[in-house]
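Worksheet for the structure shown next.
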Amino acid sequence: MKILVTLVSLLSISAWAADNEVSVIIRDHRFEPAEIHVPAGQKIKLVIQNQDATPEEFESHELNREKVIAPGSKANIYIGPLSPGRYPFFGEFHEQTARGAVIAE
Amino acid sequence: MLGSAIIVFRETLEAALIIGIIAAATRNLPSRNFWLLVGIGAGVVGSLIVASLTGKISELAEGTGQELFNAGILGLAALMLAWHNIWMARHGMQLARDAKQLGQDVVSGTREMSTLGLVIALAILREGSETALFLYGLLAGGDETLATVLGGGAIGLLVGALAGYGLYAGFLRIPARLFFAATSGLILLLAASMSSQAARFLVQADLLPSLANPLWDTSWLLDNSSLLGRFLHTLVGYEAMPSGIQVVFYLGALTLILAGMHRFRIRPHTLAT
Numbered sequence: 001m002k003i004l005v006t007l008v009s010l011l012s013i014s015a016w017a018a019d020n021e022v023s024v025i026i027r028d029h030r031f032e033p034a035e036i037h038v039p040a041g042q043k044i045k046l047v048i049q050n051q052d053a054t055p056e057e058f059e060s061h062e063l064n065r066e067k068v069i070a071p072g073s074k075a076n077i078y079i080g081p082l083s084p085g086r087y088p089f090f091g092e093f094h095e096q097t098a099r100g101a102v103i104a105e
Numbered sequence: 001m002l003g004s005a006i007i008v009f010r011e012t013l014e015a016a017l018i019i020g021i022i023a024a025a026t027r028n029l030p031s032r033n034f035w036l037l038v039g040i041g042a043g044v045v046g047s048l049i050v051a052s053l054t055g056k057i058s059e060l061a062e063g064t065g066q067e068l069f070n071a072g073i074l075g076l077a078a079l080m081l082a083w084h085n086i087w088m089a090r091h092g093m094q095l096a097r098d099a100k101q102l103g104q105d106v107v108s109g110t111r112e113m114s115t116l117g118l119v120i121a122l123a124i125l126r127e128g129s130e131t132a133l134f135l136y137g138l139l140a141g142g143d144e145t146l147a148t149v150l151g152g153g154a155i156g157l158l159v160g161a162l163a164g165y166g167l168y169a170g171f172l173r174i175p176a177r178l179f180f181a182a183t184s185g186l187i188l189l190l191a192a193s194m195s196s197q198a199a200r201f202l203v204q205a206d207l208l209p210s211l212a213n214p215l216w217d218t219s220w221l222l223d224n225s226s227l228l229g230r231f232l233h234t235l236v237g238y239e240a241m242p243s244g245i246q247v248v249f250y251l252g253a254l255t256l257i258l259a260g261m262h263r264f265r266i267r268p269h270t271l272a273t
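Protein sequence lines correspond, in order, to chains L and U.
Residue numbering for the first sequence follows our numbering, starting at 1 and increasing by one per position.
Residue numbering for the second sequence follows our numbering, starting at 1 and increasing by one per position.
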């Protein structure tokens, strides 16, 4: 386990900051915009602002991400670098309406 | 009502399976039931506290508080499970062989059980806080009444708990000579799976490189959103689209724990004396 901890601290130094920032809003249990176009092969920082009065959980099996976003708060989620393609995501707490996709091109 | 039942079931399933495995693996330990209940109680109370602090936790560490929190919980739980497996490698055969000798080892057994109570509390904390938030959201949204939210939640919880109990009951049917290998094998995979999930959260927080994303894609074969996919995700850490670093953590944890179990194992001939 100690080795793992060391590995974590070593690797985190080499991790770099993302320049590509994309803003998404959650309103009335929907993502706006529902389709997010991003460049392929680059790391992206999704900034998701939940304007609803209820919490939401951003989830995507394709992007391998999940994060709870409290009402009225902003959440950062790093994704990629992605191969070109379509990566659906959804709000787990309002799956019927809260649907969207990241399109890497 | 069905919506809340399904989500609560999903969130409960993971914690219930973990409790089922731990309850089976520790069936011979003293004060097992007490520590199981303490773990469950602490987990439920803790998840309500975490749920109420979600916004605050998220804001920590420049917006990556939630990822660090989840990775920390998973890492700690993995560490405790690793410790348990190494401890069992030392004492497991003793437990199976001589119940009387166990009596002399009550102190050690209780400490062991309290460690696993903590793992249970951590497992419930993670899933429980999300469940509490979801149910709160349903109520705050005003589309459902308290009765339908609680009713649906109770059904989901019950079905999830039944799945955990089913796993436990299944384990108890395993013949004694295979039982130790089966439970410690599953706990080993559980710890590796938690390490891999911790790595995923650190990638999401941009603290670790993903190495390859995804390293492979088997979602055409078994999707993580399917019931079997979820089941295997919890039990053995199955990921349809893992990043490279997750696989590194998974195999790293597996290797380290196996090495620890081997290093501290008491060989059968020394037990005979």
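Backbone N, C-alpha and C define an ideal beta-carbon position, used for all residues, glycine too.
Coil, strand or helix - residue i by DSSP
i, result
"leucine 82(L)", "coil"
"arginine 65(L)", "strand"
"histidine 84(U)", "helix"
"alanine 15(L)", "The pLDDT assigned to alanine 15(L) is 47, lower than 50, so where the model puts this residue is not dependable, and the model offers no usable value."
"serine 243(U)", "coil"
"tyrosine 165(U)", "helix"
"alanine 34(L)", "coil"
"serine 193(U)", "helix"
"arginine 111(U)", "helix"
"glycine 142(U)", "coil"
"glycine 91(L)", "strand"
"glutamate 14(U)", "helix"
"glutamine 49(L)", "strand"
"isoleucine 257(U)", "helix"
Rounded straight-line distance, which links the Cα of residue j to that of residue i
i, j, result
"methionine 261(U)", "glycine 252(U)", "14 Å"
"serine 226(U)", "leucine 17(U)", "16 Å"
"threonine 275(U)", "arginine 173(U)", "Look at the range of chain U in this structure, 1 to 273, and you will see that residue 275(U) is not part of it."
"glycine 164(U)", "glutamine 204(U)", "29 Å"
"alanine 70(L)", "isoleucine 49(U)", "14 Å"
"valine 44(U)", "leucine 256(U)", "31 Å"
"phenylalanine 90(L)", "isoleucine 187(U)", "32 Å"
"alanine 71(U)", "leucine 202(U)", "7 Å"
"histidine 91(U)", "asparagine 50(L)", "51 Å"
"alanine 53(L)", "phenylalanine 93(L)", "13 Å"
"phenylalanine 264(U)", "leucine 76(U)", "21 Å"
"glutamine 34(U)", "arginine 99(L)", "Glutamine is not the amino acid found at residue 34(U); the sequence shown has phenylalanine there. If I take the Cα positions, the gap works out to 44 Å."
"valine 24(L)", "glycine 128(U)", "27 Å"
Neighbourhood of residue i by C-beta distance below 6 Å, restricted to the same chain and skipping five residues each side
i, result
"glycine 130(U)", "Looking at the sequence provided, one finds glutamate at residue 130(U) rather than glycine. Closer than 6 Å at Cβ, skipping near neighbours: Glu11."
"glutamine 246(U)", "Ser196, Ala199, Arg200"
"leucine 74(U)", "Met194, Gln197, Ala198"
"tyrosine 168(U)", "Gly20, Ala23, Ala24"
"glycine 41(L)", "Pro81"
"valine 8(U)", "Thr131, Gly153, Gly156, Leu157"
"threonine 234(U)", "Glu14, Leu17"
Where residue i meets chain L, residues with beta-carbon distance less than 7 Å
i, result
"leucine 133(U)", "Pro55, Val68"
"leucine 58(U)", "At residue 58(U) the sequence reads serine, which differs from the leucine that was named. Those within 7 Å of serine 58(U) in chain L are Ala70, Ser73, Ala75."
"glycine 137(U)", "Thr54, Pro55, Phe93"
"alanine 140(U)", "Ala53, Thr54"
"arginine 200(U)", "Asn64"
Beta-carbon contacts of residue i that lie in its chain and below 7 Å, excluding the five residues immediately before and after
i, result
"glycine 237(U)", "Leu189, Ala192, Ser193, Ser196, Tyr250"
"leucine 139(U)", "Leu146, Val149"
"alanine 132(U)", "Ser47, Leu48, Ala51"
"valine 68(L)", "Pro55, Glu57"
"histidine 84(U)", "Glu112, Thr115, Leu116, Ile187"
Partners in chain U for residue i, counting only beta-carbon separations shorter than 7 Å
i, result
"arginine 65(L)", "Gln204"
Chain-ordered neighbours of residue i on chain L, where CB pairs are closer than 8 Å
i, result
"threonine 54(U)", "Pro55, Val68, Ala70"
"glycine 63(U)", "Lys74, Ala75, Asn76"
Amino acids of chain U, ordered along the chain, whose beta-carbon sits closer than 9 Å to that of residue i
i, result
"proline 81(L)", "Ser210, Asn213"
Contacting residues, own chain, Cβ-Cβ under 8 Å from residue i (five flanking each side not counted)
i, result
"glycine 166(U)", "Gly20"
"arginine 305(U)", "What is shown of chain U runs 1 to 273, which leaves residue 305(U) out entirely."
"alanine 101(L)", "Ala34, Glu35, Ile36, Arg86, Tyr87, Pro88, Phe89"
heavy atom of the ligand SAM below 7 Å from residue i C-beta
i, result
"alanine 5(U)", "This structure lacks the ligand SAM, and indeed carries no ligand of any kind."
Under 8 Å by beta carbon: chain U residues contacting residue i
i, result
"histidine 61(L)", "Ser219, Asp223, Asn224, Ser225, Ala240, Met241"
(message) So within the region 208-236 of chain U, which uninterrupted alpha helix (DSSP H) runs reach at least 4 residues, ignoring any that extend past its ends?
(response) 227-236
(request) Quick one: which unbroken alpha helix (DSSP H) runs of 4-plus residues sit fully inside the region 17-98 of chain U? Chain order, please. (result) 32-52, 54-63, 65-97
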